[in-house]
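Accompanying notes for the structure given below.
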Amino acid sequence: MFEFIRAMWVGSIEAMRLNPRAFEIVETYPRTGWIVLAVAIVGGASLLLGQSVILFVNRVRPGRFVLSLLLNGIIFALSLMVWGAAIWLTSKVLFPNEIPLSKALRLTAMGAAPYVFGFLVLLPYAGNFIGKVLSVWSFLVVLAAMTSLAKGNFGAALVCTVIGWLLVMVMSATIGRPVIYARNLLYKRITGTDLDMSVQDILTQFAAPPEDASSKSRKGAP
Amino acid sequence: MILSTLSLLITGLLLLLILGALLAPFESLGWWAGWFGEKPALPTPRVPEAGEVIREHPTTSAAVYLSGIGAIDADSIPQEEIDWGLMAIKRLPGVLVVPDVYPYSVTNAGLTADRSFARAYRWIEQRRLENPYDLLQFVVNLRNLFQVAVSADRRYGPIYNLGVASEIIRALESRGYRVGSGKPVTLIGFSGGGQISLGAATYLAPVLKAPIRVISIGGVMADDPGLNQITKLYHLYGEADPVQKLGHWLYAGRWKWFPQSDWNRAVAAGKIEMINMGPMAHNGTKNYFGWTAFTPEGKSYAIATIDMIGDLLAKDGLIDPATLQEARAANDPEARAYEAARVAEAARARDKQRQTRTA
Chain G
23 MFEFIRAMWV GSIEAMRLNP RAFEIVETYP RTGWIVLAVA IVGGASLLLG QSVILFVNRV
83 RPGRFVLSLL LNGIIFALSL MVWGAAIWLT SKVLFPNEIP LSKALRLTAM GAAPYVFGFL
143 VLLPYAGNFI GKVLSVWSFL VVLAAMTSLA KGNFGAALVC TVIGWLLVMV MSATIGRPVI
203 YARNLLYKRI TGTDLDMSVQ DILTQFAAPP EDASSKSRKG AP
Chain W
214 MILSTLSLLI TGLLLLLILG ALLAPFESLG WWAGWFGEKP ALPTPRVPEA GEVIREHPTT
274 SAAVYLSGIG AIDADSIPQE EIDWGLMAIK RLPGVLVVPD VYPYSVTNAG LTADRSFARA
334 YRWIEQRRLE NPYDLLQFVV NLRNLFQVAV SADRRYGPIY NLGVASEIIR ALESRGYRVG
394 SGKPVTLIGF SGGGQISLGA ATYLAPVLKA PIRVISIGGV MADDPGLNQI TKLYHLYGEA
454 DPVQKLGHWL YAGRWKWFPQ SDWNRAVAAG KIEMINMGPM AHNGTKNYFG WTAFTPEGKS
514 YAIATIDMIG DLLAKDGLID PATLQEARAA NDPEARAYEA ARVAEAARAR DKQRQTRTA
């Protein structure tokens, strides 16, 4: 167990350093898949912890709060895999190759490494900026991993990574909508709320003149 | 060996600092989510029962003081602020002064109240009573500084400021202010209290249905949505106070490149007035509450700050100028005596220090 956690930590740090050796190891040894998967789950959970204001605003209870973090970790790992599959598909079409899907999935999941520090988004003042840095960093990790997979062909890696991402976006808005719906339903079940209240709603509810506030929806009102 | 111990110590302190900052939003977020048993809501105006008359303070306006980041609870604030506040009450006639709010907690619970680290804070409080310049005071400053950052953060601020606004309303009511009376309320915030004043103003104006002014004394303020709800913000700053400039440097909404920000729109609307207090500092004997540093007119900095606030309130019609002059004239002998006592005390402390050094 300790070895596994150590491998997760070292793997995350080396991926964040964009160390080509780390990508080679993940590419070569299929057993690293479990480590990468665990990093992706931890990254997703950590990111939601950083953005947990949405859970608090919607008054999610402590037990459900922890379950939500876990669920987000799993969904985050799955979404990275979808992205990996889209990258793999793009590369098959644009740059015909014999790269197995499993390699592309493992390497894309390494993009979760920076999000292990996603909890830092919680920090007042600096949190939002840190969140943006982590997003860019995650993209760079995936790009570096794909470059390694493409034997150093940066141009092909960039094209496949970007088109793969766009593909996921288009799918989310079209044929993937039932999946998104099911995901949202799962979130609602786990959190026990509709998750439809935002910080802005608190301002609207309490900072509006009383006559305006009374006519507004009282959802989430204490 | 020494170097590695030192680096270990610095790393440990840095990690503690990050941990403290990470935990800072949880108090207000947990409060909102009801994790600690409270049900957050703004107090509603009390409706008198049949035949009951709600007692109302006869003053024409109220001023709520929100202390700087050195506060441990509403009563345990640095001595200089207490002395200053007591004198301010006497020199601001016709103003209901409300000092009962601890602005660094959404529930008005001081650090020595029922909290995990209450014992540690009690110990620090005791040390501060013995030595106002005790280094451990820094822990309190840091903890409260993080709460100021929470208030200024657009993700957490709306929740944090709602909690403080609720406490301000309760404190006002407990001192005889009738919610709905329309009497103007001035929030006077020192340092971090300046930002929290702005944040709380977001909710105070609609509930109190009264004009809200903010007087910031060396306040470190962000580009807060509360600016849209206030009548006026007076920012009193000292030329030797670099801390108050932090708000300008750290919050992009205050930079001139964002004309549509809440801050810049308030500036354009003439809502914000910057008032130069001369060579005053943020901390130390030459700060805004100093009794041993004097203006060229011979006023101590503490009195100069109070009088500036009085002048501003008189300018805005919240204090009758003649009554203000009378109150000042009546209080001047006491103020002079107090200043003289503090100067003598400082001289004795210096002599003692010199003797210790010589010995």
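Line by line, the protein sequences are chains G and W. Count along the first sequence starting at 1, add 22, and that's the number in our numbering. Count along the second sequence starting at 1, add 213, and that's the number in our numbering. Glycine included, C-beta positions come from ideal geometry on N, C-alpha and C.
Count the other C-beta atoms from every protein chain shown that fall within 10 angstroms of the C-beta of residue i, then say buried if there are 16 or more, exposed otherwise.
i                  : result
Phe-249 of chain W : exposed
Ile-223 of chain W : exposed
Trp-470 of chain W : exposed
Ile-425 of chain W : buried
Ile-27 of chain G  : exposed
Pro-345 of chain W : exposed
Lys-396 of chain W : buried
Arg-561 of chain W : exposed
Glu-539 of chain W : exposed
Phe-151 of chain G : exposed
Ala-37 of chain G  : buried
Trp-504 of chain W : buried
Glu-338 of chain W : buried
Pro-419 of chain W : buried
Pro-455 of chain W : exposed
Gln-568 of chain W : exposed
Ser-236 of chain G : Interpretation of Ser-236 of chain G is limited by its pLDDT of 40, a score under 50 that renders its predicted location unreliable; the figure taken from the coordinates is listed afterwards. Burial call: exposed.
Val-1 of chain G   : This structure cannot settle anything about residue 1 of chain G, because the visible part of chain G is limited to 23 through 244.
Pro-244 of chain G : In this prediction, Pro-244 of chain G scores a pLDDT of 31, lower than 50, which makes its location untrustworthy; the coordinate-derived value is nonetheless stated afterwards. Per the 10 Å Cβ criterion, exposed.
Trp-244 of chain W : buried
Arg-570 of chain W : exposed
Ser-239 of chain G : Below a pLDDT of 50, predicted positions are generally treated as unreliable, and Ser-239 of chain G, at 38, falls in that range; no measurement from the model is reported.
Pro-371 of chain W : buried
Lys-241 of chain G : Note that Lys-241 of chain G scores 38 on pLDDT, short of 50, meaning its location in the model is unreliable and no value can be drawn from it.
Ser-220 of chain W : exposed
Ala-44 of chain G  : buried
Phe-78 of chain G  : buried
Could you tell me whether the Cβ atoms of residue i and residue j are closer together than 9 Å?
i                  : j                  : result
Leu-93 of chain G  : Ala-62 of chain G  : no
Ile-401 of chain W : Gln-360 of chain W : no
Phe-98 of chain G  : Leu-69 of chain G  : yes
Tyr-209 of chain G : Ser-90 of chain G  : yes
Val-308 of chain W : Leu-526 of chain W : yes
Ser-160 of chain G : Ala-179 of chain G : no
Asp-475 of chain W : Gly-149 of chain G : no
Pro-238 of chain W : Leu-144 of chain G : yes
Ile-231 of chain W : Val-314 of chain W : no
Gly-412 of chain W : Asn-374 of chain W : yes
Leu-421 of chain W : Ala-479 of chain W : no
Asp-376 of chain W : Thr-320 of chain W : Asp is not the amino acid found at residue 376 of chain W; the sequence shown has Gly there. Yes.
Ser-387 of chain W : Ala-423 of chain W : no
Met-493 of chain W : Thr-518 of chain W : yes
Ala-301 of chain W : Val-310 of chain W : yes
Asp-286 of chain W : Leu-228 of chain W : no
Asn-175 of chain G : Phe-117 of chain G : yes
Leu-531 of chain W : Thr-415 of chain W : no
Gly-153 of chain G : Gly-214 of chain G : no
Gly-133 of chain G : Gly-95 of chain G  : no
Tyr-501 of chain W : Gly-431 of chain W : yes
Leu-171 of chain G : Thr-112 of chain G : no
Pro-146 of chain G : Ala-234 of chain W : yes
Per DSSP, residue i forms a beta bridge with which residues?
i                  : result
Ile-485 of chain W : W:Leu-446
Ser-513 of chain W : W:Phe-507
Ile-586 of chain W : Outside the shown range of chain W, which is 214 to 572, sits residue 586 of chain W, and nothing can be said about it.
Asn-500 of chain W : W:Ala-494
Ile-604 of chain W : What is shown of chain W runs 214 to 572, which leaves residue 604 of chain W out entirely.
Val-310 of chain W : W:Ala-276
For the segment 49-67 of chain G against the segment 97-111 of chain G, do three or more pairs of beta-carbon atoms, one drawn from each stretch, fall closer than 8 Å, so that the two count as touching? Yes, they touch.
Completely contained beta strand (DSSP E) runs for the segment 259-295 of chain W, where each covers 3 or more residues: Positions of the beta strand (DSSP E) runs, each at least 3 residues long and wholly inside the segment 259-295 of chain W, are given as 274-279 in order along the chain.
Return the chain-ordered ranges of every alpha helix (DSSP H) run that is complete within the segment 355-397 of chain W and spans a minimum of 4 residues. List check, alpha helix (DSSP H) in window: 370-387.
Three Cβ pairs or more, each shorter than 8 Å: is that satisfied between the segment 324-336 of chain W and the segment 294-311 of chain W? Judged by Cβ distances under 8 Å, the segment 324-336 of chain W makes no contact with the segment 294-311 of chain W, as fewer than three pairs qualify.
Any beta strand (DSSP E) of 3 or more consecutive residues that is wholly inside the segment 458-484 of chain W: Fully enclosed beta strand (DSSP E) runs of 3 or longer: not present.
Output the residue ranges of the alpha helix (DSSP H) runs that lie fully inside the segment 82-137 of chain G and measure 4 residues or longer, sorted by chain position. 84-116, 123-131, all fully within the segment 82-137 of chain G.
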